[in-house]
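Number of protein chains: 2
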Amino acid sequence: MTIDRRTMLRAGMAMFSGAAIEAAPARPSRTVLRRIATEEAWSTPEHVAALCAIGQTGWDNLDARSWGKVTTTSQLARRLVDVDERGRVMQALGIDMHVLSLTSPGVQMFGREQAVAMAATANDRLSEIVRSQPSRFAGLASFAPQDPARAAKEMERCIRELRLNGFIVNSHTENEYLDLPKYWEIFEAAEALDAAIYLHPRAPADTMAKPYADYEMQAAIWGFQAEVGVHAMRLMLSGVFDRFPKLTLVLGHMGENVPFHLWRTDHWYERRRASAVSKLRPSELFKRNILITTSGVEHAPALRYAIEVLGADRIMWAIDYPYEEMAPSVSFMNDVAISEEDRAKVFHQNAERVFHIAPA
Amino acid sequence: MTIDRRTMLRAGMAMFSGAAIEAAPARPSRTVLRRIATEEAWSTPEHVAALCAIGQTGWDNLDARSWGKVTTTSQLARRLVDVDERGRVMQALGIDMHVLSLTSPGVQMFGREQAVAMAATANDRLSEIVRSQPSRFAGLASFAPQDPARAAKEMERCIRELRLNGFIVNSHTENEYLDLPKYWEIFEAAEALDAAIYLHPRAPADTMAKPYADYEMQAAIWGFQAEVGVHAMRLMLSGVFDRFPKLTLVLGHMGENVPFHLWRTDHWYERRRASAVSKLRPSELFKRNILITTSGVEHAPALRYAIEVLGADRIMWAIDYPYEEMAPSVSFMNDVAISEEDRAKVFHQNAERVFHIAPA
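Protein sequences appear in the order of chains A and B. Note that the numbering used here has the first sequence beginning at 1, numbered continuously upward. Note that the numbering used here has the second sequence beginning at 1001, numbered continuously upward.
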């Protein structure tokens, strides 16, 4: 690791003063790094239409409520579907690659048979996009947790035949979390395939929805981290990572608050170790089995905290397009005051390793 | 602010390396600072007995479950009640003052009449302790949100007659949060009395309990932050702080994850500003109306993050005795690599200002 004295001093000053590092003099020119964005939502017209239709059913569910505000002719729908528009913006901004994934909540709000079929269709379409522009797009495959056995089969197909790069799952399915043993086939498949699972947000499950149902709190402003955070904690405490020691999980949004709480989590885990299910200390497990991404969080102190506590090898860049804009995310990652070695890890090296993307 | 070069370099290094600052050479001797611990649980034998009794009722509630494991003869019960033992440990460790408060969930699990009476009795007893040892103890008064009008009256009595230092409330009451307008009398009273309200944890409300009901997750390891976090967010988004601009709220446990999410909260608030109820940006409001304490979090990176993002004027030291031990909390706050000016603010100056404690 190379850190020049000036960088170190600036970092130290910022810690004490709260001064905006971004206001420091422009950084000297340097090698342009490869930029791989790792949580980039995508969809098909059919999938968007199905989600918008769910939004019109009156289903008393927070995700249904959110989709009730989206139409198939909205800007959001267009940007999810239009790969060419996306590519032009990427090119203009010097973004080398989007790791695409079916937008949340994926297939997880549909009935079992529909969900299984939808995932297969979406994965086929995604693999066509990746094959047609392999230097620009990679893809995370979807599966239907509603049917764990067929999910495991689809996961194998997506890696071995479609050559996709990993998986995405949008937190709970029918208000259940993946720590239930009936879902462990999914983790067994992911570990055997050496493919990471991105644990992406959706709104809080019905079983915890009520406090999040006001002030539009169910989504990115607060509800998403609550939903994924409790899911991640359940997985960490359930023994999943004892049973599947090589499983890799990815959390977006700077880790959904789990890293900021990790000392306290460890502390109470130690005090209850005798009765704990997982034999691994949460922070040990986190640094071995979990990575985080920067999606939707352009906040230098949070990134530096994460680097200090988790290490730069555990953090990947992500935009969260089209829910977030590409340009500010690139600017943030270009300019944030971290070492150049760490910047390269976050911008592309970790993504290449975790998602098996060939180096440029 | 005085920062010597060595301190700054150590801080900068730690940011990049994750190296244990605690392993650095012993700090040079310096003035011993006054130490005021601000989230220190206390109880009466009658209150402990009533909570233990609730734990035996079979009530399907996460706090009831926790209290079902406590007995009136336990070490916890003794340490909550025994002020003399507490004082001896404080003296041995050089802790000048505990700001005492009735242990969670206070009076909030009892029926309205019982809760109102219990709060008054507990406040009387607390004020006796404070009057008998005014240099060693301060006190935060309890009230029964079950009856907002009588709560406001009791609040006035506690400040004007009993001369207590502020208030404590343990998150939800009967699964309701204080952003509901029927509770605003409580905030009106607190603002008029210039007395802060400590928003203390209890386990997640029944309306969000299920995902937190396994792996002993309902308490400090994860559930507490989820419960207080959503409560704090509801208050921040509800317009309470527009209506009561001088209201002061205190969050324990390094802010219950709200500070780590503050950039993202602001970002989504801005995107929905047109439909937002509160006219204040969450981070503006936080830095004006909310303080945090270090209770139960002896983690240098988290404290430094909080200082950088919120400012050292917004952070107070707390132990969380008897749920946490006093000695490691003192050692942490003595030795953590922050500026001496900030250490004085966190160890005592902010507590003196917020809780109206006379300087030593």
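Here a beta-carbon is modelled for each residue, glycine too, at the ideal position from N, C-alpha and C. Bear in mind the structure is a predicted one, so any value in this text is a computation, not a measurement.
>> Does any residue of chain B have a CB that is nearer than 9 Å to the CB of A:Arg-264?
In response: Taking the first residue of the first sequence as 1, we reach residue 264 of chain A at position 264. So, interface residue.
> Quick one: what's B:Val-1099 bridged to in DSSP?
Replying inline: Mapped onto the second sequence, residue 1099 of chain B falls at position 99. For B:Val-1099, which the question treats as bridged, DSSP gives the partners B:Ala-1138.
> Leaving out the 5 sequence neighbours to the left and right, which residues in its chain are closer than 6 Å to B:Ile-1054 when beta-carbon positions are compared?
Replying inline: Locating residue 1054 of chain B in the second sequence gives position 54, where the first residue counts as 1. Only Ala-1064, Trp-1067 and Met-1109 meet the Cβ criterion.
> What's the C-alpha gap between B:Trp-1042 and A:Glu-324?
Replying inline: Position 42 of the second sequence holds residue 1042 of chain B. Position 324 of the first sequence holds residue 324 of chain A. B:Trp-1042 and A:Glu-324: Cα-Cα distance of roughly 47 Å.
>> Using a 10 Å radius around the Cβ and a threshold of 16 neighbouring Cβ atoms, would you call A:Pro-359 buried or exposed?
In response: The residue labelled residue 359 of chain A in the question sits at position 359 within the first sequence. A:Pro-359 comes out exposed.
>> I want to know whether the stretch 1140–1148 of chain B touches the stretch 1116–1123 of chain B - three or more CB-CB distances under 8 Å.
In response: yes
> Along the chain, where does the alpha helix (DSSP H) that runs through B:Gly-1055 open and close?
Replying inline: Here residue 1055 of chain B refers to the residue found at position 55 when the second sequence is read from its first residue. Start and end: 1045–1055.
> Can you tell me whether DSSP reads A:Ala-92 as helix, strand or coil?
Replying inline: On the first sequence, residue 92 of chain A is found 92 positions in, with the first residue counted as 1. Three-state DSSP puts A:Ala-92 in a helix.
> Which residues bound the beta strand (DSSP E) around A:Val-354?
Replying inline: On the first sequence, residue 354 of chain A is found 354 positions in, with the first residue counted as 1. Segment 350–354 is the alpha helix (DSSP H) holding A:Val-354; no beta strand (DSSP E) there.
> Would A:Gln-218 be called buried (16 or more neighbouring beta carbons within 10 Å of its own) or exposed?
Replying inline: Position 218 of the first sequence, counted from the first residue, corresponds to residue 218 of chain A. That one is buried.
>> On the DSSP bridge list, what partners appear for B:Gly-1239?
In response: As a position in the second sequence, residue 1239 of chain B is number 239, starting the count at 1. BP columns for B:Gly-1239 are empty, so no partner.
>> By the DSSP assignment, the beta strand (DSSP E) with A:Val-81 in it spans what residues?
In response: Within the first sequence, residue 81 of chain A is the residue found at index 81, counting from 1. Counting along the chain, A:Val-81 falls outside any beta strand (DSSP E), though it belongs to the alpha helix (DSSP H) covering 75–81.
> Which stretch, first to last residue, makes up the beta strand (DSSP E) that contains B:Leu-1193?
Replying inline: Residue mapping note: residue 1193 of chain B aligns to position 193 of the second sequence, counting from 1. From DSSP, B:Leu-1193 is part of no beta strand (DSSP E); its letter is neither H nor E.
> By DSSP, does A:Phe-167 sit in helix, in strand, or in coil?
Replying inline: For the purposes of this step, residue 167 of chain A is taken as the residue at position 167 of the first sequence. Reduced to three states, the DSSP call for A:Phe-167 is strand.
> Out of curiosity, what's the CA-to-CA distance linking A:Val-48 and A:Arg-202?
Replying inline: Looking up residue 48 of chain A in the first sequence gives position 48. Looking up residue 202 of chain A in the first sequence gives position 202. Computed Cα separation, rounded: 15 Å.
> Using DSSP with H/G/I as helix, E/B as strand and the rest coil, what is B:Glu-1324?
Replying inline: The residue you call residue 1324 of chain B lines up with position 324 of the second sequence. Note: B:Glu-1324 maps to coil in three-state DSSP.
>> Just list the residues that DSSP pairs A:Trp-42 with in beta bridges.
In response: Residue numbering aside, residue 42 of chain A sits at position 42 when the first sequence is read from its first letter. Looking at the DSSP assignment, A:Trp-42 forms a beta bridge with A:Leu-102.
> What is the residue span of the alpha helix (DSSP H) that B:Ile-1368 lies within?
Replying inline: Missing from the structure shown is residue 1368 of chain B; chain B here goes from 1001 to 1360 and no further.
>> For the stretch 1280–1288 of chain B against the stretch 1228–1246 of chain B, do three or more pairs of beta-carbon atoms, one drawn from each stretch, fall closer than 8 Å, so that the two count as touching?
In response: yes
> Taking the runs of the beta strand (DSSP E) that are 3 residues or longer, which of them lie wholly in the stretch 246–327 of chain A?
Replying inline: 249–251 and 290–293
> If we ignore side chains and look at the alpha-carbon of each, how far apart do A:Ile-168 and B:Ile-1290 end up?
Replying inline: Position 168 of the first sequence holds residue 168 of chain A. Position 290 of the second sequence holds residue 1290 of chain B. A:Ile-168 and B:Ile-1290: Cα-Cα distance of roughly 37 Å.
> Does the beta-carbon of A:Gly-106 have 16 or more other beta-carbons within 10 angstroms, so that it is buried, or is it exposed?
Replying inline: Your numbering for residue 106 of chain A matches position 106 in the first sequence. So A:Gly-106 ends up on the buried side.
> At a CB-CB cut-off below 7 Å, which residues of chain B make contact with A:Pro-301?
Replying inline: If you number the first sequence from 1, residue 301 of chain A lands on position 301. Here the neighbours are Tyr-1305, Glu-1308 and Val-1309.
> Bridge partners of A:Ala-37, per DSSP?
Replying inline: Within the first sequence, numbered from 1, the residue matching residue 37 of chain A stands at position 37. A:Ala-37 is bridged to A:His-98.
>> Is there a Cβ of chain B sitting closer than 9 Å to that of A:Arg-234, yes or no?
In response: Numbered from 1 along the first sequence, position 234 holds the residue referred to as residue 234 of chain A. It does; some Cβ of chain B falls within 9 Å.
>> Please state whether the Cβ-Cβ distance between A:Ile-315 and A:Ile-292 is less than 9 Å.
In response: Counting from 1 along the first sequence, the entry for residue 315 of chain A is found at position 315. Counting from 1 along the first sequence, the entry for residue 292 of chain A is found at position 292. Taking 9 Å as the Cβ cut-off, A:Ile-315 and A:Ile-292 qualify as a contacting pair.
>> For A:Leu-62, report the span of its alpha helix (DSSP H) as first-last.
In response: For the purposes of this step, residue 62 of chain A is taken as residue 62 along the first sequence, with counting starting at 1. Note, A:Leu-62: alpha helix (DSSP H), 62–67.
> Since B:Pro-1148 and B:Ile-1186 are thought to touch, with beta carbons under 8 Å apart, how far apart are those beta carbons, to the nearest angstrom?
Replying inline: Here residue 1148 of chain B is taken as the residue at index 148 of the second sequence, counted from 1. Here residue 1186 of chain B is taken as the residue at index 186 of the second sequence, counted from 1. Right, the Cβ-Cβ distance comes to about 6 Å (below 8 Å), so this counts as a contact.
> Straight-line CA distance for B:Val-1297 to B:Gln-1349?
Replying inline: The residue given as residue 1297 of chain B occupies position 297 in the second sequence. The residue given as residue 1349 of chain B occupies position 349 in the second sequence. One C-alpha to the other measures close to 20 Å.
> Assuming B:Trp-943 contacts A:Ile-221 under a Cβ cut-off of 8 Å, what Cβ separation, rounded to an integer in Å, is found between them?
Replying inline: Absent from the structure is residue 943 of chain B, since the part of chain B shown begins at 1001 and ends at 1360.
>> Is the beta carbon of A:Leu-93 closer than 9 Å to that of A:Ser-127?
In response: On the first sequence, position 127 is the one that residue 127 of chain A refers to. On the first sequence, position 93 is the one that residue 93 of chain A refers to. No, the Cβ-Cβ distance between A:Ser-127 and A:Leu-93 is not below 9 Å.
> Between the C-alpha atoms of B:Ala-1050 and B:Ala-1115, what's the straight-line distance to the nearest angstrom?
Replying inline: Locating residue 1050 of chain B in the second sequence gives position 50, where the first residue counts as 1. Locating residue 1115 of chain B in the second sequence gives position 115, where the first residue counts as 1. Between B:Ala-1050 and B:Ala-1115, the C-alpha separation is close to 11 Å.
> How is the alpha helix (DSSP H) around A:Glu-156 delimited, first residue to last?
Replying inline: For the purposes of this step, residue 156 of chain A is taken as residue 156 along the first sequence, with counting starting at 1. Start and end: 148–160.
> What are the residues that DSSP puts in a beta bridge with A:Thr-173?
Replying inline: For the purposes of this step, residue 173 of chain A is taken as residue 173 along the first sequence, with counting starting at 1. DSSP output for A:Thr-173 lists A:Glu-176 as bridge partner(s).
> Can you tell which of A:Val-309, A:Lys-210, A:Glu-113 and A:His-356 has its C-alpha closest to the C-alpha of B:Tyr-1177?
Replying inline: Position 177 of the second sequence, counted from the start, is the residue given in the question as residue 1177 of chain B. The residue with the shortest Cα to Cα distance from B:Tyr-1177 is A:Lys-210.
>> Residues of chain A with CB closer than 7 Å to the CB of B:Ser-1074, please, in chain order.
In response: Taking the second sequence and counting its residues from 1, the one referred to as residue 1074 of chain B is at position 74. Going along chain A, no residue has its Cβ under 7 Å from B:Ser-1074, so there is no contact; the nearest lies around 15 Å.
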